[in-house]
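Structure, as structure tokens:
Residue numbers (my numbering), protein chains in the order written: chain B, 832 to 1162; chain G, 832 to 1162.
Shown next, in the form of structure tokens:
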């Protein structure tokens, strides 16, 4: 069931330890409450988030990206069902504003989630992209930690492949799938160009369509040119044709994901990748702290230098350095 | 002429003051060199950027956004020609990866810039979005300052309407145009939804197409619902049909931009907006300094806490706070 309206962080009646225990028991209300705390930026939430983080690190995280219309939401649903059929529990975090999980009403094609809702082995969480004020990557990864701490075997992170923050989030997964659909038109393909290079596995959706094999061939030709991928030259990037509607190719795709996971473990690339992900998280968190402080506790200090900057008594760079020194004294 | 390969910042033979004088004389080589310095993140560049910033503040900045295929690049070109016809000088900063100014080869439709190149009253600068590592907004606004200091009357900032950084950049303009094209399809329209609300003026392109009037009517209906815009309720947002190809409506659009500019000046909204823009710049610059330091001078400190974080001896939030204190001591 999609938990779209969790209780606010402030209303949590459970203590931190009790809530952690609820999360570890995979209690749905506990998970939703823990996610609300993870999403918030209040100082008080950070100890709890750190405790959750200590419990995380077991789930295999899979980023699924592609432009709106590529069929990635349908793909995420089909993947979740296939993972369930192999006995694995599945968490889903959707941060695509056009996704049926998080608000597909924009496209008017909200897909009924009947097959997944009601299954205690599945937890779906949608993230708001508007109003996240740049803290999207940090908040999403803290929410993924909650699902990981709740011992979901697989966590699928669905994000539209546009915007640096969205690309950063998907790159923070162990395995990255980029979904391409045939016949989307030049405009959409151009938007997509930026994410093709981060795929561990290319998925071509809607292969019941006649021009799908051309899309497969185009991607294979691109891969032959080389020079793309996430720096792991020992992994041969595959192109997998699927039709989520007909459930064709989904088993092949899950096999490829499992082979990629085994590859990451056997080569030491998993540790290397986890280190890179953690580095990104730390840098993003540092940026987030600066932004949060300037929007909150240090708002007056910001307004003081801003008045100076308006009068040209200072410049943005000098003002920013002054504020960073000010923030650091209070940390 | 599009200056796509300016000399590197380090090779500048001119002193800061001499280079500033070249910029003020609207010397093209001087402008290109100043922009390269503005784009760099070296500590040594900051005094120069601050000096340029002190000279800026006179140009009217116009953000032009819209999804790929909306026709905004053609619109920017038509606007530039119209401004030139009214005797005004024009700077253009294009940060759209699908723009003909900055690399439209992706779409294979690079538009010949013959009409604008060679005109000393026009300066076009393309910005790379890839590899900007999140510093795009800061770098773009520093480059706009160079054009402003060079006394270009109008600076057009073209950016694709996806990605938080791109939306931030366009919101940093005095007047924001959102370009919509008829018949782009649901997928692309969904991507666009996020930027519709930041328009001061809606421009419908390609109004030689039969379904364009429906797009105009849809936007007008949306505006009647209210609750959108940039917080300035005294300005009536307009919808202007154009055909850049036929040069239809471009004069009407320039009139609307000029009316918006006069409105900003007469109501005090210009000062309010400039203050908000400066606030955003300062916050972004503070974030950029953190990222730059962690990628450069403080790289070793980052790696030290990262090793602790991998071992779960610390968490991302605590690690980030440690690094911020460390950065501040060196500022």
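Just so it is clear, CB atoms sit at the ideal spot from N, CA and C, and this is done for glycine as well.
So, under 8 Å CB-CB, residue i and residue j are touching, yes? Tell me the CB distance rounded to an integer number of Å.
i	j	result
residue 1066 of chain G	residue 1091 of chain G	7 Å
residue 901 of chain G	residue 1015 of chain G	7 Å
residue 1080 of chain B	residue 1068 of chain B	With 8 Å as the limit, residue 1080 of chain B and residue 1068 of chain B do not qualify as a contact, their Cβ atoms being about 16 Å apart.
residue 854 of chain G	residue 977 of chain G	6 Å
residue 1137 of chain G	residue 1125 of chain G	At roughly 10 Å, the Cβ-Cβ gap does not stay under 8 Å, so residue 1137 of chain G and residue 1125 of chain G are not in contact.
residue 1101 of chain G	residue 1140 of chain B	The pair is not a contact, with the Cβ atoms about 16 Å apart (cut-off 8 Å).
residue 1053 of chain G	residue 974 of chain G	Not a contact, Cβ separation roughly 33 Å.
residue 850 of chain B	residue 859 of chain B	Wrong, their Cβ atoms sit about 13 Å apart, outside the cutoff.
residue 1061 of chain G	residue 1029 of chain G	6 Å
residue 968 of chain B	residue 1115 of chain B	5 Å
residue 919 of chain B	residue 856 of chain B	With 8 Å as the limit, residue 919 of chain B and residue 856 of chain B do not qualify as a contact, their Cβ atoms being about 18 Å apart.
residue 1121 of chain G	residue 1121 of chain B	6 Å
residue 990 of chain B	residue 997 of chain B	5 Å
Can you check DSSP and say which residues form a bridge with residue i?
i	result
residue 1072 of chain G	G/1035
residue 913 of chain B	Answer is none; residue 913 of chain B lacks a bridge partner.
residue 989 of chain B	B/895 and B/925
residue 1006 of chain G	G/893
residue 956 of chain B	B/924
residue 1157 of chain G	Per DSSP, none; premise fails for residue 1157 of chain G.
residue 873 of chain B	BP columns for residue 873 of chain B are empty, so no partner.
residue 1011 of chain B	B/1035
residue 1079 of chain B	B/1074
Applying the criterion that 16 or more other CB atoms from any shown protein chain within 10 Å of the CB defines a buried residue, is residue i buried or exposed?
i	result
residue 1202 of chain B	Outside the displayed range of chain B (832 to 1162) lies residue 1202 of chain B, so it cannot be described from this structure.
residue 951 of chain G	exposed
residue 1098 of chain G	exposed
residue 948 of chain B	exposed
residue 1036 of chain G	buried
residue 1003 of chain B	buried
residue 861 of chain G	buried
residue 846 of chain B	exposed
residue 939 of chain B	Caution is warranted here: a pLDDT of 29 is assigned to residue 939 of chain B, below 50, making its placement in the model unreliable, and no coordinate value can be reported.
residue 1048 of chain G	exposed
residue 958 of chain G	buried
residue 906 of chain B	buried
residue 1064 of chain G	exposed
residue 908 of chain B	buried
residue 1160 of chain G	exposed
residue 992 of chain B	buried
residue 1162 of chain G	exposed
residue 852 of chain B	exposed
residue 848 of chain G	exposed
Strictly below 8 Å CB to CB, what residues from chain C border residue i?
i	result
residue 1133 of chain B	Looking for chain C here will not work: the only protein chains present are B and G.
In whole angstroms, give me the CA-to-CA distance for residue i and residue j.
i	j	result
residue 955 of chain G	residue 1143 of chain G	50 Å
residue 921 of chain B	residue 1156 of chain B	43 Å
residue 966 of chain B	residue 869 of chain B	12 Å
residue 890 of chain G	residue 1117 of chain G	25 Å
residue 1128 of chain B	residue 971 of chain G	28 Å
residue 872 of chain G	residue 1130 of chain G	15 Å
residue 916 of chain G	residue 995 of chain G	34 Å
residue 988 of chain G	residue 899 of chain G	15 Å
residue 1073 of chain G	residue 1000 of chain B	38 Å
residue 877 of chain B	residue 1107 of chain B	22 Å
residue 1082 of chain B	residue 1152 of chain B	53 Å
residue 1149 of chain G	residue 1075 of chain B	42 Å
residue 1087 of chain G	residue 1105 of chain G	20 Å
residue 1119 of chain B	residue 1041 of chain B	46 Å
residue 980 of chain G	residue 1154 of chain B	26 Å
residue 1146 of chain G	residue 879 of chain B	11 Å
residue 1010 of chain B	residue 875 of chain G	44 Å
residue 1085 of chain G	residue 982 of chain G	19 Å
residue 1045 of chain G	residue 1051 of chain G	10 Å
residue 1031 of chain B	residue 1095 of chain B	11 Å
residue 913 of chain G	residue 1111 of chain G	31 Å
residue 925 of chain G	residue 1093 of chain B	44 Å
residue 842 of chain B	residue 1013 of chain B	With a pLDDT of only 47 at residue 842 of chain B, under 50, the local geometry of the prediction cannot be trusted, and the value read off the model is given with reservation. Distance between the alpha carbons of residue 842 of chain B and residue 1013 of chain B: 47 Å.
residue 1089 of chain B	residue 1038 of chain G	51 Å
residue 1103 of chain G	residue 1135 of chain G	44 Å
residue 1057 of chain G	residue 888 of chain B	47 Å
residue 903 of chain B	residue 923 of chain G	36 Å
Closer than 7 Å: is that where the CB of residue i sits relative to any heavy atom of the ligand NAD?
i	result
residue 1028 of chain B	As presented, the structure is devoid of all ligands, the ligand NAD included, so that no description of it is given.
> How do the region 874-886 of chain G and the region 894-909 of chain G stand: do at least 3 beta-carbon pairs fall below 8 Å, yes or no?
Replying inline: no
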